[in-house]
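**Q** Dropping the structure in here first, questions after.
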Amino acid sequence: MRGALFSTVVAATWLAHALSIPDSFRAALSRVHGQEPLVSPERYLIELAPGETRWVTDDEKWQLRREGANFFDITDTPELGTARRGTAATVTFPHKPAYNESIHPLIKELDKKQMSSHLETFTGFHTRYYKSDYGRQSSEWLFDQVNKTLTNAGVGTVKPFKHSWGQNSIIATLPGKSEKTVVIGAHQDSINLFLPSILAAPGADDDGSGTVTILEALRVLLMDEDILHGKAENTVEFHWYSAEEGGLLGSQAIFSDYEKHGRDVKAMLQTDMDGYTHATLAAGEPESVGVITDFVDPGLTAFIKQIVSTYCTIPFVETKCGYACSDHASASKAGYPSAFVIESDFKYSDKKIHTTEDKMEFLDFDHMLQHARLTLGLAYELAFAEFE
Ligand code: BES
Ligand code: ZN
Numbered sequence: 522m523r524g525a526l527f528s529t530v531v532a533a534t535w536l537a538h539a540l541s542i543p544d545s546f547r548a549a550l551s552r553v554h555g556q557e558p559l560v561s562p563e564r565y566l567i568e569l570a571p572g573e574t575r576w577v578t579d580d581e582k583w584q585l586r587r588e589g590a591n592f593f594d595i596t597d598t599p600e601l602g603t604a605r606r607g608t609a610a611t612v613t614f615p616h617k618p619a620y621n622e623s624i625h626p627l628i629k630e631l632d633k634k635q636m637s638s639h640l641e642t643f644t645g646f647h648t649r650y651y652k653s654d655y656g657r658q659s660s661e662w663l664f665d666q667v668n669k670t671l672t673n674a675g676v677g678t679v680k681p682f683k684h685s686w687g688q689n690s691i692i693a694t695l696p697g698k699s700e701k702t703v704v705i706g707a708h709q710d711s712i713n714l715f716l717p718s719i720l721a722a723p724g725a726d727d728d729g730s731g732t733v734t735i736l737e738a739l740r741v742l743l744m745d746e747d748i749l750h751g752k753a754e755n756t757v758e759f760h761w762y763s764a765e766e767g768g769l770l771g772s773q774a775i776f777s778d779y780e781k782h783g784r785d786v787k788a789m790l791q792t793d794m795d796g797y798t799h800a801t802l803a804a805g806e807p808e809s810v811g812v813i814t815d816f817v818d819p820g821l822t823a824f825i826k827q828i829v830s831t832y833c834t835i836p837f838v839e840t841k842c843g844y845a846c847s848d849h850a851s852a853s854k855a856g857y858p859s860a861f862v863i864e865s866d867f868k869y870s871d872k873k874i875h876t877t878e879d880k881m882e883f884l885d886f887d888h889m890l891q892h893a894r895l896t897l898g899l900a901y902e903l904a905f906a907e908f909e
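Just so we're aligned, residue 522 is where the sequence shown starts under the working numbering, counting upward by one.
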C-alpha cells in the first residue's frame with residue numbers, strides 16, 4: 522500500500538516536471554507525502570548579496586536555488602556579524618608548514634575504506650533533508666560515528682548543537698592549551714531541489730564526501746600523542762552543519778552563538794564536495810584541489826595552498842564559488858577567517874548534485890584521500906601554530 526502510494530507520488534512528481542506544473546502543486550504534493558506540517562506557507566528572509574534581502578516561502582527558495590541563486594537565510598540570525606564588526610583583528614598565519622615530521626607518518630594511516638564504508642551508510646538514508654525525519658536519523662547515526670571515534674581514542678567530547686528543525690548540527694572538540702580555536706567543517710544535510718520532502722537525495726558528493734573526509738582526518742589526528750595529551754597550542758573543533766542547503770542555517774546559528782559568546786576562532790576550513798574528478802579528467806586537465814579565492818580570508822587561503830603543496834601529491838587550482846556558497850561564508854560573516862576547498866575547478870565540479878543521481882558510484886576515493894591529507898595537514902599545523 523505504502524509502495525503504491527509512493528509510486529503514485531513519484532509518477533505525479535515526474536509528471537509535474539515534464540509538464541512544468543507550478544510550484545504550488547509541488548508544495549501540495551509535499552504535504553500529501555506527509556513530511557511537512559500542513560500550515561500556511563511560512564516566510565523566510567533571505568540575503569542574496571550584502572544588504573539585498575527578500576521574504577520568500579520554502580518553495581520560492583527552492584525555485585531560486587534551481588535558477589542558480591545562492592543566499593543566506595537570515596530569518597533567525599539577522600544580527601550575525603554585528604557584534605564583532607570592526608573589532609575583529611586580522612589573524613597572521615604561519616609562513617610555511619612546520620610539522621612535516623609529525624604529519625607524514627600520520628598521512629599513511631588515512632584509509633579510503635573507512636571513508637567509503639561511512640559514505641555507504643550515510644548515502645543509504647533516503648534523504649538528509651534537514652526538515653525530514655530521515656535527516657534527523659542520519660544526524661543521529663553520524664553523531665554515533667563521531668562519538669565512537671573519540672571514545673576509541675579516549676579523548677575529546679562531542680555535542681549536538683540543536684536547532685528548531687529536526688536535524689542537529691554536531692560539534693567535536695579536542696581541547697588544546699588555549700581556547701583559541703581552529704574549526705574544520707563540512708555539511709551533513711543533503712537536498713533534492715525538485716521535491717525536498719519526497720524525492721531521494723543521496724548527497725554522496727554534496728556533502729557526504731566532505732562529511733566522511735573530515736571524520737577520517739579526525740580519526741587519524743587522534744593517533745598523534747601530542748594531540749591525545751592536549752599538548753596542542755589551540756583547541757580544534759570538527760563541525761558537521763545541519764541545513765546548509767536551506768541557506769547556511771546550521772553554520773549561521775553556530776557562528777552567531779560563538780560571536781555572542783566572544784569565542785576566539787582563528788581559522789575555519791570548509792570542505793563541501795571533494796569526490797568528483799570525472800569532468801576534470803574528461804577535459805584533459807590534471808586532477809587538482811580547487812582552492813576558493815572569493816569571499817575567503819586571503820592569509821588562510823595562502824597557507825592552505827602551501828599545505829596542498831606540502832601534504833598532497835596533486836596540485837591546486839584557484840577557483841571561485843560566489844556569495845554564500847557554503848558554510849565558510851557564515852564564519853566569515855561572523856568576522857572569523859575562513860577558507861573553502863572543493864574537488865576541482867568550479868566549472869568541472871559535479872553537476873548531478875541536488876538530484877537522485879548524486880551517488881557514490883560517481884566518486885573518486887583516491888581524490889577524497891588527497892582532501893583528507895589536506896584536512897589532516899591543516900588541522901595539525903594550525904593546532905600547533907602560535908597565534909597572537
Ligand atoms: N556544495 C554546494 C556548493 C558547491 C557547488 C560547492 C559546486 C562546489 C561546487 C552547496 O551545498 C550548495 O548547494 N550551495 C548553494 C548555496 C546555499 C547557501 C543554499 C548553491 O551553491 O547554490
Ligand atoms: Zn548543495
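Using N, Cα and C, we set each Cβ at its ideal position, and we do this for glycine too.
1) Within 8 angstroms, do at least three Cβ pairs link the stretch 640–654 to the stretch 857–865?
2) Would glycine 731 count as contacting chain B if we go by Cβ distances under 8 angstroms?
3) So, do the stretch 813–830 and the stretch 869–884 have three or more beta carbon pairs nearer to each other than 8 angstroms?
4) Should serine 964 go down as buried or exposed, given a rule of 16 or more other Cβ atoms within 10 Å for buried?
5) Give me the Cα-Cα distance between glutamate 758 and isoleucine 692, rounded to the nearest whole angstrom.
6) Does the ligand ZN have even one heavy atom less than 7 angstroms from the beta-carbon of glutamate 878?
7) Taking 7 angstroms as the cut-off, does the CB of isoleucine 874 come closer than this to any heavy atom belonging to the ligand ZN?
8) Below 8 angstroms, can you find three or more Cβ-Cβ pairs linking the stretch 888–905 to the stretch 741–754?
9) Out of curiosity, what's the CA-to-CA distance linking leucine 790 and tyrosine 869?
10) For glycine 771, which residues from the same chain have a beta carbon less than 6 angstroms from its beta carbon, with the 5 sequence-adjacent residues on both sides left out?
11) Any heavy atom of the ligand ZN within a distance shorter than 7 angstroms of the CB on aspartate 727?
12) Helix, strand or coil: which one does DSSP assign to threonine 598?
13) Is the number of C-beta pairs between the stretch 709–717 and the stretch 782–796 that are closer than 8 angstroms three or more?
14) Beta carbon of glutamate 766: closer than 7 angstroms to some heavy atom of the ligand ZN?
15) Looking at the structure shown, is threonine 534 part of a helix, part of a strand, or coil, going by DSSP?
16) Measure the C-alpha to C-alpha separation of phenylalanine 614 and alanine 850 and round it to an integer number of angstroms.
17) Starting from the N-terminal side, write out each stretch of the beta strand (DSSP E) that is 3 residues or longer and does not extend beyond the stretch 767–848.
18) Assign proline 723 to buried or exposed, taking buried as 16 or more other Cβ atoms, counted over all protein chains shown, within 10 Å of its Cβ.
19) For lysine 914, count the other beta carbons within 10 Å of its own beta carbon; 16 or more makes it buried, fewer makes it exposed. Which is it?
20) For the stretch 619–636 and the stretch 602–610, state whether three or more C-beta atom pairs, one from each stretch, are separated by less than 8 angstroms.
21) Hey, is leucine 911 close to the ligand BES, as in C-beta under 7 angstroms from one of its heavy atoms?
22) Give the straight-line distance between the Cα atoms of aspartate 544 and proline 562, rounded to the nearest whole angstrom.
23) In whole angstroms, what is the alpha-carbon distance linking glutamate 909 and alanine 753?
24) What three-state label does DSSP hand glycine 589 in the structure shown?
25) With hydrogens ignored, establish whether the beta-carbon of asparagine 591 is closer than 7 angstroms to any heavy atom of the ligand BES.
26) Going by alpha carbons, who is nearest to threonine 896 out of Glu878, Ser847, Val812?
27) Go ahead and pull the three-state DSSP assignment for glutamate 765.
28) Could you please give the first and the last residue of the uninterrupted beta strand (DSSP E) stretch that includes alanine 693?
29) Could you give the residue range of the alpha helix (DSSP H) that holds leucine 895?
30) Quick test of your reading: serine 777 and leucine 601, contact by CB under 8 angstroms. State the CB separation rounded to the nearest angstrom.
31) Taking only the alpha-carbon atoms, compute the straight-line gap between threonine 644 and threonine 801 and give it to the nearest angstrom.
32) Taking 7 angstroms as the cut-off, is the CB of isoleucine 567 close to at least one heavy atom of the ligand BES?
33) Determine the closest residue to aspartate 815 out of Phe861, Phe682, Phe837, with distance taken between C-alpha atoms.
34) Given a cut-off of 8 angstroms on the beta-carbon distance, is the pair leucine 769 and phenylalanine 593 in contact?
35) Sorted by chain position, which residues of the same chain lie with C-beta nearer than 8 angstroms to leucine 890's C-beta, five sequence neighbours on each side aside?
36) Since alanine 610 is in the alpha helix (DSSP H), which residue starts that stretch and which ends it?
**A** By the coordinates alone:
1) no
2) Structure shown: chain B not included; a single protein chain is present.
3) no
4) An answer regarding residue 964 cannot be provided, because it is not within the stretch 522 to 909 covered by the chain.
5) 7 angstroms
6) no
7) yes
8) yes
9) 21 angstroms
10) Ser690, Tyr762, Ser763, Ala764
11) yes
12) coil
13) no
14) yes
15) Any reading at threonine 534 is ruled out, since the residue's pLDDT is 42, under 50, leaving its predicted position unreliable.
16) 19 angstroms
17) 786–792, 810–813, 837–840
18) buried
19) Residue 914 is absent from the model: the chain starts at 522 and stops at 909.
20) no
21) Because residue 911 is not part of the residues shown, which for the chain are 522 to 909, the question remains open.
22) Because the pLDDT of aspartate 544 is 44, which lies under 50, any placement of that residue in the model is unreliable, and the question is left without a value.
23) 15 angstroms
24) coil
25) yes
26) Val812
27) helix
28) 690–695
29) 886–904
30) 5 angstroms
31) 24 angstroms
32) no
33) Phe861
34) yes
35) Leu631, Lys633, Met636
36) It is not in any alpha helix (DSSP H) - alanine 610 carries neither H nor E in the DSSP assignment.
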